[in-house]
Ligand code: NAD
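Residue numbers (the working numbering): 55 to 352.
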């Protein structure tokens with residue numbers, strides 16, 4: 055029987071456990087604060103930021119939003135980050151990516167206080183992750199680990215193929231799965247745009263994590279029976295709908311479903327976890343900064 059992994063259900067469970075952490079913080083006079091910074095006119099980026107802010111409101115995390123004119127010099131954004139770094143009401147700062155072409159992304163990520171870097175993209179936090187002492191795990195790959203755990207997939211000793219090598223998803227995903235830890239201990243292969251014969255790699259996998267940003271790149275013919283498939287991709291493709299598009303993943307759901315033992319849908323799979331793990335990191339940031347221990351969901 056195929057298992058469709060319900061991201062909303064898994065996310066809901068983690069969020070209710072986070073409520074207990076928030077109660078503990080509140081009893082100690084702490085309400086976590088998350089700042090979102092948007093330097094873009096892109097509709098999808100605006101939607102992502104408003105979804106993150108809504109999730110904060112629903113859980114009881116205070117959210118603060120800052121727009122930076124996409125045409126402004128990079129220094130305007132950097133000065134805003136300096137202010138947020140020194141604002142004690144703000145425990146976490148999220149700069150929505152992508153940034154305009156004239157703004158160097160790495161400079162921006164390095165300007166953030168690593169203790170407020172709830173995306174986990176600052177080089178200090180990347181280094182901690184790679185060396186096995188993560189502070190803030192990047193939200194999407196951390197969410198994928200939680201989905202695998204919820205679906206009872208033990209990654210220890212398994213062959214996992216990660217499709218995509220971005221700093222946001224593919225690379226941290228591979229690193230997390232490699233860790234000597236409960237949700238790690240996998241043998242990881244990372245595929246990318248220059249990989250020869252992707253199908254040969256995915257057919258040899260116990261678990262496939264697709265994060266290429268290519269609509270329906272992976273179909274059932276590229277999988278072996280019994281594979282677990284996690285689809286990170288969110289791609290807008292033209293469609294005869296009210297909005298003129300629909301969202302599809304990097305996996306062709308119907309044909310993959312006939313081979314997989316468990317699979318995430320798009321939407322409703324990885325997406326809800328990405329936002330939930332951002333809330334998780336913000337709670338963790340507040341706990342670390344205010345020195346109030348909390349029992350974060352394991
Ligand atoms: P990216 O464009 O930065 O990276 C894509 C990676 O895929 C690259 O490393 C590239 O080498 C690889 N790739 C591209 N074409 C390929 C091919 N034909 N075969 C093998 N590898 C190929 O994208 P990203 O930021 O890592 O995001 C990947 C996808 O995940 C996008 O669809 C994005 O929208 C989605 N995403 C979803 C969430 C979520 O919460 N669900 C979060 C982040 C990203």
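Note that the Cβ used here is the ideal one computed from N, Cα and C, for glycine as well.
Got a sec? Which residues, its chain only, sit under 8 Å from residue i by beta carbon, not counting five neighbours each side?
| i | result |
| --- | --- |
| residue 360 | Lying before the first or after the last residue shown, residue 360 is absent from the chain, which here runs from 55 to 352. |
| residue 292 | 298 and 299 |
| residue 162 | 128, 131, 132, 135, 149 and 153 |
| residue 28 | The structure shown does not extend to residue 28, since the chain is modelled only from 55 through 352, so no value can be given for it. |
| residue 105 | 329 |
| residue 82 | 344 and 346 |
| residue 276 | 252, 253, 256 and 257 |
Sorted by chain position, which residues of the same chain lie with C-beta nearer than 6 Å to residue i's C-beta, five sequence neighbours on each side aside?
| i | result |
| --- | --- |
| residue 117 | 88, 107 and 110 |
| residue 271 | 304 |
| residue 182 | 188 and 189 |
| residue 280 | 315 |
| residue 351 | 68 and 71 |
| residue 341 | 348 |
| residue 222 | none |
| residue 331 | 193, 196 and 197 |
Judging by CA-CA distance, which residue of the options is the nearest neighbour of residue i?
| i | options | result |
| --- | --- | --- |
| residue 186 | 128, 233, 337 and 268 | 233 |
| residue 245 | 239, 235, 227 and 237 | 227 |
| residue 266 | 224, 293 and 291 | 224 |
| residue 173 | 97, 130 and 189 | 189 |
| residue 139 | 339, 127, 103 and 318 | 339 |
| residue 65 | 347, 344, 205 and 274 | 205 |
| residue 59 | 320, 337, 177 and 68 | 320 |
| residue 274 | 268, 257 and 163 | 257 |
| residue 124 | 157, 243, 255 and 343 | 157 |
| residue 142 | 169, 334, 349 and 251 | 169 |
| residue 166 | 144, 346 and 201 | 144 |
| residue 84 | 352, 336 and 351 | 336 |
| residue 62 | 323, 243 and 253 | 323 |
| residue 241 | 212, 253 and 164 | 212 |
| residue 6 | 230, 155 and 80 | Residue 6 lies beyond the residue range present for the chain, which begins at 55 and ends at 352; the question has no answer from this structure. |
| residue 151 | 239, 345, 121 and 178 | 121 |
| residue 180 | 82, 230 and 253 | 230 |
| residue 255 | 278, 269 and 137 | 278 |
| residue 268 | 247, 183 and 115 | 247 |
| residue 115 | 103, 86, 97 and 99 | 86 |
| residue 239 | 103, 342, 210 and 99 | 210 |
| residue 201 | 79, 318 and 243 | 318 |
Looking at residue i and the ligand NAD, is the gap between the Cβ and the nearest heavy atom below 7 Å?
| i | result |
| --- | --- |
| residue 62 | no |
| residue 204 | no |
| residue 247 | yes |
| residue 302 | no |
| residue 218 | yes |
| residue 318 | no |
| residue 59 | no |
| residue 194 | yes |
| residue 144 | no |
| residue 271 | yes |
| residue 265 | yes |
| residue 174 | no |
| residue 288 | yes |
| residue 222 | yes |
| residue 97 | no |
| residue 328 | yes |
| residue 277 | no |
| residue 322 | no |
| residue 183 | no |
| residue 325 | yes |
| residue 342 | no |
Which term fits residue i, buried or exposed, when burial requires 16 or more other beta carbons within 10 angstroms of its beta carbon?
| i | result |
| --- | --- |
| residue 146 | buried |
| residue 176 | buried |
| residue 171 | buried |
| residue 199 | buried |
| residue 264 | buried |
| residue 55 | exposed |
| residue 347 | exposed |
| residue 259 | buried |
| residue 253 | exposed |
| residue 314 | buried |
| residue 349 | exposed |
| residue 4 | No answer is possible for residue 4: the residues shown for the chain start at 55 and end at 352. |
| residue 295 | exposed |
Using a Cβ-Cβ cut-off of 7 Å (strictly less than) and excluding sequence neighbours within five positions of residue i, which residues of its own chain qualify?
| i | result |
| --- | --- |
| residue 203 | 237 |
| residue 178 | 168 |
Quiz item: With contact counted as at least three CB pairs below 8 Å, one residue from each stretch, are the segment 192 to 208 and the segment 322 to 338 in contact?
Solution: yes
Quiz item: Touching or not, the segment 300 to 313 and the segment 89 to 99, by the rule of three or more beta carbon pairs under 8 Å?
Solution: no
Self-check item: Contact the segment 64 to 83 vs the segment 209 to 226: 3+ CB pairs below 8 Å
Solution: no
Quiz item: So, do the segment 300 to 307 and the segment 282 to 291 have three or more beta carbon pairs nearer to each other than 8 Å?
Solution: yes
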